[in-house]
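Worksheet for the structure shown next.
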Ligand code: NAD
Ligand code: TYD
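Numbering (my numbering), first residue to last: 232 to 582.
Have a look at this one:
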């Protein structure tokens with residue numbers, strides 16, 4: 232049976248990969264992509280599929296309750312995959328309220344509208360795409376599992392933890408069929424160049440300093456974005472209602488080691504001598520409340536639903552670098568305008 236699915240945040244990094252995957256894998260269904268097109272959302276990310284007969288874009292803000300409730304009443308979605316969010320930790324430190332508005336209030340607006348549709352559609356599913364950062368930080372050992380207690384440390388992770396709690400609460404209180412996934416750091420094409428990997432690719436390309444926070448000893452578990460999109464698809468269709476699934480790459484890297492690996496790849500691709508890009512590394516003041524280490528145990532997802540990552544980190548990083556070098560126009564577009572002011576505020580004049 233054909234279903235109409237709302238994907239929020241489909242013009243962003245992970246959302247655009249997920250929309251493309253959904254359209255390709257489920258040609259019998261219809262997708263409505265709702266996105267506010269903030270600095271992080273860009274319809275260029277979807278230009279290859281925007282004429283697909285099963286796809287439609289709606290420009291709108293999830294914090295606008297009246298708009299959301301009207302859209303749901305008119306469209307009668309069969310399910311929601313909710314990715315729209317403010318997603319950058321550093322921005323959450325300078326402007327926490329914006330994160331409360333979109334990530335918490337926006338999610339509750341969607342839940343309220345979903346609750347109405349569920350009254351007449353018992354098969355309705357509300358899927359919240361969330362982050363491993365809700366669990367807080369790890370020491371040198373151990374991994375986050377689905378039963379790790381929440382202990383968010385940044386305004387970003389606090390807002391995502393709050394939205395996860397609301398999603399669970401709507402399941403317990405109103406019986407709304409929900410699913411949640413908590414994923415580790417993603418990388419890949421179409422990633423806005425304010426996060427570590429795309430920022431550093433762009434800076435190496437332009438011979439700008441690479442601002443490593445603190446001593447570069449923090450650890451992240453990196454996952455190729457297309458493997459995340461595959462996991463969301465699997466959980467949305469086959470995951471158990473009311474459950475949480477952790478998604479991770481089993482791929483931990485200390486920031487400094489990752490930056491050196493990236494510098495080596497860039498030297499090779501740009502025809503620079505070995506070690507040239509590493510000279511751009513510049514140690515800067517550490518991020519406030521910087522979580523030391525994230526690592527995910529994806530055992531539940533692998534054993535119950537048969538998911539596994541499809542590319543090694545080296546392959547994925549190489550593909551990612553190639554995409555950025557071949558898509559200078561995309562980089563130009565997304566780094567013009569408001570981004571310029573943000574960049575100068577963060578890293579200073581002329582960097
Ligand atoms: P992103 O910042 O690239 O994209 C977010 C999208 O949401 C943008 O298209 C933006 O325009 C849209 N948006 C923001 N505010 C909105 C609003 N008020 N109304 C409607 N649309 C709005 O983020 P991303 O990295 O693609 O992350 C997507 C989701 O995945 C987020 O919920 C994030 O918390 C989660 N997540 C991200 C990562 C990661 O490594 N990037 C890892 C785990 C989970
Ligand atoms: P980021 O990509 O912002 O993701 P998150 O904070 O959600 O994990 O950062 C990844 C790691 O890289 C994190 O430990 C902070 C660090 N980092 C830097 O050292 N310099 C930078 O300019 C950025 C953006 C991040």
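Ideal Cβ positions, reconstructed from N, Cα and C, are used throughout, including at glycine.
Q.
Taking the straight line between their C-alpha atoms, what separation do you get for residue 240 and residue 337?
A. 12 angstroms
Q.
Here's the rule: buried if 16 or more other CB atoms are within 10 angstroms of the residue's CB, otherwise exposed. What is residue 452?
A. buried
(Q) If I measure Cβ to Cβ from residue 362 and keep anything under 7 angstroms in the same chain, skipping five residues before and after, which residues do I get? (A) 388, 391, 413 and 414
Q. How many Å lie between residue 500 and residue 510 at the Cα?
A. 16 angstroms
**Q.** Supposed close pair residue 527, residue 463 - CB separation, criterion 8 angstroms
**A.** So it is not a contact: roughly 15 angstroms between Cβ atoms.
(Q) Is any non-hydrogen atom of ligand 1 found closer than 7 angstroms to the C-beta of residue 180, if you look at the structure I gave you? (A) Lying outside 232 to 582, the shown extent of the chain, residue 180 is not represented and no answer is given.
**Q.** Paired residues, beta bridge with residue 378 - DSSP
**A.** In DSSP, residue 378 forms no bridge with anything.
Q | Proximal residues to residue 327 (C-beta, below 6 angstroms), its chain only, five neighbours per side dropped | A | 386
Q: May I ask which residues mark the beginning and end of the beta strand (DSSP E) holding residue 470?
A: Element bounds for residue 470: n/a, residue is neither H nor E.
Q. Do the region 298-309 and the region 345-355 meet, that is, are 3 or more Cβ pairs less than 8 angstroms apart?
A. yes
Q) What alpha helix (DSSP H) runs, 4 residues minimum, are completely inside the region 456-514? A) 456-469 and 486-501
Q: Grab the span of the beta strand (DSSP E) containing residue 401 for me, first residue to last.
A: Unbroken run through residue 401 is the alpha helix (DSSP H), 386-405; no beta strand (DSSP E).
Q: Could you tell me whether the Cβ atoms of residue 290 and residue 314 are closer together than 8 angstroms?
A: no
Q | beta-carbon residue 449 near ligand 2 non-hydrogen atom, thresh 7 angstroms | A | yes
Q) Ordered along the chain, which non-local residues of its own chain (more than five positions away) have a Cβ less than 6 angstroms from that of residue 243? A) 271 and 272
Q) Hey, quick one: how far does the alpha helix (DSSP H) through residue 433 stretch, first residue to last? A) 427-436
Q: Sort out for me which residues DSSP pairs residue 288 with in a bridge.
A: 264
Q) With a CB to CB cut of under 7 angstroms and the five nearest residues on each side skipped, what residues in its chain are close to residue 517? A) 444 and 445
Q. Alpha carbon to alpha carbon, what distance is there between residue 465 and residue 536?
A. 7 angstroms
Q) Near residue 401, what residues of its chain come up, given a Cβ to Cβ distance below 6 angstroms and the 5 sequence neighbours on each side ignored? A) 342 and 407
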